[in-house]
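These notes are about the structure you will find just below.
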Amino acid sequence: MSRIQTTFARLQTNKKQALIPFITAGDPHPAATVGLMHALVSGGADVLELGVPFSDPMADGPIIQKASERALAHGTSLLDVLGMVRDFRRKDADTPVVLMGYANPIEAMGYQLFAQKAIEAGVDGVLTVDLPPEEAGPLAEILKSQGLDAIFLLAPTTPDWRVAEVAKHASGYVYYVSLKGVTGAANLDMESVAAKLGSLREMLSLPIGVGFGIRDAATAQAVAKVADAVIIGSRLVQEVEEHGADAAPRLMAFMREVRSAMDSAR
Amino acid sequence: MHINDLLIPQTYDLPDSRGRFGDYGGIYVAETLMAALDELRREYEQACQDPAFMAEYQYELKHYVGRPSPIYHAKRWSEQLGGAQIYLKREDLNHTGAHKINNTIGQALLARRMGKKRVIAETGAGQHGVASATVAARYGMECVVYMGAEDIQRQSANVYRMKLLGATVVPVTSGSRTLKDALNEAMRDWVTNVDNTFYILGTAAGPHPYPMLVRDFQAVIGEESKVQMQEMAGRQPDVVVACVGGGSNAIGMFYPYIQVPGVRMVGVEAGGDGVETGRHAAPLTAGTPGVLHGNRTYLMQDEHGQIIETHSVSAGLDYPGVGPEHSYLKDIGRVEYTAANDDESLAAFHELCRTEGIIPALESSHALAYAKRLAPTLAKDKIILVNLSGRGDKDIPTVARLAGLEL
């Protein structure tokens, strides 16, 4: 069983939902990332999503774009991000780490080499935003052969036949984009999320995480009532933007607040 | 048989159903856009089969754009260069002053067919933004144009033109503040407003079906040229030359010639300060394949797969990627790609002004610069056809500034 599967199985036994925070690797500085990752785990994270900075983050809103720019200003490369995961693993052997980013840095490294280095570093899953199932086949196969989970996005606009396509390639969990928009948008419609998740569950056996637009404990609590995982990105990245390397205690406090709201959800 | 004829593909029916030109193209976007791209592809396929749609497109090209655009024999310039005869395909004479409107009319008609009341566009030099704002006014649609803050500075006349036409121009301050960032921002808008918005993409790049439909709407350039060259010179040109940024004017000119024997084709990228300096915008000449803006193609990128900043005197060529069909045509050898740097393009700009009374766009001046280099090496009975993709009125402040004048 992969670390991601083990995590979701444990949560299911305890009737809990996963809390999955996202931060951009290398933001505000490459040296700060591992500390922030540990802080997120202390705050109650079950899985970590670590953003791989890219020069042209087409699917991200201004908050994560700027985080990418800050990380790139320090020259944070995909190789550096893998190094951060390796450092993180020295103290944490259990919390799954998912890399989230765009195809081109992985293309530049080469699929095979990337998958090898990722598994060696202790990465558990990879979500490539601009590789829909139509284009993801070759990478997904290599990831799986190395024991890495290929995480895919589903959107409000995804028709049923495409959910089946995603199901063919996906493992670990799927990431349901709660709204039409970029990361950090603020127009989450809980009713439509609940309805869509109901129909997705009929077609998918994997756990479903919901992200985009979750900015506070109340929203997280509402999402936790219908989803298997709550994914929070821009709200945390904003803390890093405002407080830099000193953001750790704030991230921890915010995570604890969200965690307790989620755990009292049912 | 001409040596280049060996490189002519026996059949050419691209892209395939997955939007591929060989290894290039494809659909590399986030899931949220997949349904919209699928809808666009289906709608376009239906429109192609609909005689009424095609008839309206043709009508608009004739009566609104002023097509066919003429071909002009630049006799004085050819004489001065002392070699091959240079002919110019006058896309600069189109309504709005460039080839861009061929595509925006086609896409706006598609938008109307799909019931979308709002159109968005990205623009570099502003020509595509103006062409989009123009058709939006013409068809009564709301129009939002994304433009890099840097480009807004260098193309202020076009910014005002867009506003006069009723469009909203949104400055993009992320990244390098140029065309690529405007494209990112337009994609973000589209993802957010996908239900009521049509994205009029300006170049033959992006996710499938855009490279195909932009090519098809621009192919009128090459189709007309084939007829007009026959009429004027009694034969097809020996060499066809076009500038390549994203590559829409070039693919429009080249596509109808791909299977014509004896026609050599050359795409000219922006060499900036010189390809050897690294300060340029010439991915086909000096880049490597990768994935950006929805398609796999040649890119300007560093060893870590980050897109690097481009440099060109011409805002319209200042782009780190290129349409995927050009990547394919490069790899199979059917089209040669080279670069002209800022200085030689400016020199060609001035020569055309002085010898032919035509002020060309700085983008098109790159194609002219290559023609200027090539013509003296060929016999006087050879023919070079240059796609003069746009007029240079928008570039006058830039050229003046380079000459030390503030207008």
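Chains as they are written, first to last, in my numbering: chain X, 14 to 279; chain G, 2 to 408. Note that CB positions come from ideal geometry on N, CA and C, so glycine has one too.
Residues near residue i in its chain [Cβ-Cβ closer than 6 Å; skip 5 each side]
i, result
"ARG413(G)", "Because chain G spans 2 through 408 in this model, residue 413(G) falls outside it and cannot be assessed."
"ARG286(X)", "Residue 286(X) lies beyond the residue range present for chain X, which begins at 14 and ends at 279; the question has no answer from this structure."
"PHE21(X)", "PRO220"
"MET55(G)", "none"
Exposure label - residue i; buried when at least 16 CB within 10 Å
i, result
"TRP78(G)", "buried"
"ALA242(X)", "buried"
"LYS130(X)", "buried"
"GLU61(G)", "buried"
"ASP59(X)", "buried"
"ARG248(X)", "buried"
"MET14(X)", "exposed"
"SER212(X)", "exposed"
"THR1(G)", "Limits of chain G in this structure are 2 at one end and 408 at the other, which puts residue 1(G) out of reach."
"VAL228(G)", "exposed"
"SER277(X)", "exposed"
"LEU293(G)", "buried"
"LYS181(X)", "exposed"
"ARG236(G)", "exposed"
"ASP93(G)", "buried"
"ARG19(G)", "exposed"
"LEU202(G)", "buried"
Residue i in three-state terms, based on DSSP
i, result
"LYS90(G)", "strand"
"TYR140(G)", "helix"
"THR204(G)", "coil"
"ASN200(X)", "coil"
"PRO291(G)", "Per the sequence presented here, residue 291(G) reads as Gly, with Pro not at that position. Here GLY291(G) sits in strand by DSSP."
"PRO210(G)", "coil"
"VAL145(G)", "strand"
"ARG236(G)", "coil"
"ALA85(G)", "coil"
"GLN307(G)", "coil"
"GLN251(X)", "helix"
"GLY130(G)", "helix"
Bounding residues of the alpha helix (DSSP H) (the contiguous stretch that carries residue i)
i, result
"ALA251(G)", "249–255"
"PRO34(X)", "Element bounds for PRO34(X): not the alpha helix (DSSP H) but the beta strand (DSSP E), 31–37."
"GLU151(G)", "150–155"
"PHE165(X)", "Unbroken run through PHE165(X) is the beta strand (DSSP E), 162–167; no alpha helix (DSSP H)."
"HIS351(G)", "343–357"
"ALA237(X)", "230–237"
"ARG99(X)", "91–104"
"PRO16(G)", "It is not in any alpha helix (DSSP H) - PRO16(G) carries neither H nor E in the DSSP assignment."
"THR105(G)", "101–114"
"ARG68(G)", "Run containing ARG68(G): none; DSSP gives neither H nor E here."
"VAL223(X)", "From DSSP, VAL223(X) is part of no alpha helix (DSSP H) but of the beta strand (DSSP E) over 221–224."
Same chain only: Cβ atoms within 7 Å of residue i, ignoring 5 sequence neighbours per side
i, result
"ALA52(X)", "ALA261, LEU264, MET265"
"GLY257(X)", "PRO41"
"TYR371(G)", "VAL242, VAL267, VAL269, THR339, ALA341"
"LEU41(G)", "PRO210"
"GLY23(G)", "TYR329, ASP332"
"ALA1(G)", "Examination of residue 1(G) is not possible in this model, given that chain G is present from 2 through 408 alone."
Chain-ordered chain G contacts of residue i [CB-CB under 7 Å]
i, result
"GLN78(X)", "SER175"
"ASN27(X)", "In chain order: nothing, as chain G lies at least about 30 Å away."
"GLU147(X)", "ARG19, ILE28"
"SER90(X)", "HIS305"
Listed by chain order, chain G residues near residue i by CB distance under 9 Å
i, result
"ALA121(X)", "THR289, GLY291, GLN302, ASP303, GLU304, HIS305, GLY306, GLN307"
"ARG175(X)", "GLU32, MET35, ALA36, ASP39"
"VAL2(X)", "Coverage of chain X is limited to positions 14 through 279, which leaves residue 2(X) absent and any answer about it impossible."
"THR171(X)", "GLU32, THR33, MET35, ALA36"
"SER247(X)", "The contacting residues do not exist; SER247(X) stays about 13 Å from chain G at best."
"LEU85(X)", "GLN307"
"ALA207(X)", "Here the premise fails: no neighbours, minimum Cβ distance about 19 Å."
Proximal residues of chain G, C-beta to C-beta of residue i below 8 Å
i, result
"LYS193(X)", "THR33, VAL192, THR193, ASN194, VAL195, ASP196"
"VAL142(X)", "ALA31"
Range of the contiguous beta strand (DSSP E) that encloses residue i
i, result
"TYR188(X)", "187–190"
"VAL179(X)", "Where VAL179(X) is concerned, there is no enclosing beta strand (DSSP E), although the alpha helix (DSSP H) it sits in stretches over 173–182."
"PRO172(G)", "169–173"
"GLU123(G)", "119–124"
Beta-carbon proximity list for residue i, same chain, < 8 Å, skipping 5 on both sides
i, result
"THR170(X)", "LYS193"
"PRO398(G)", "ARG155, SER157, ALA158, LEU408"
"HIS100(G)", "GLU92, GLN219, ILE222, SER249, ASN250, GLY253, ASN388, SER390, GLY391"
Chain X residues whose Cβ lies nearer than 7 Å to that of residue i
i, result
"ASN185(G)", "ASP69, MET71"
Contacts of residue i in chain X (Cβ-Cβ under 9 Å)
i, result
"MET148(G)", "Correct list: empty, because the minimum Cβ distance to chain X is about 16 Å."
Under 8 Å from the C-beta of residue i: neighbouring residues of chain X
i, result
"ARG42(G)", "Near ARG42(G) there are no residues of chain X at all, since even the closest Cβ is about 12 Å away, more than 8 Å."
Residue i beta carbon near the ligand SAH (any heavy atom closer than 7 Å)
i, result
"HIS87(X)", "The ligand SAH is not part of the structure shown, which contains no ligands of any sort."
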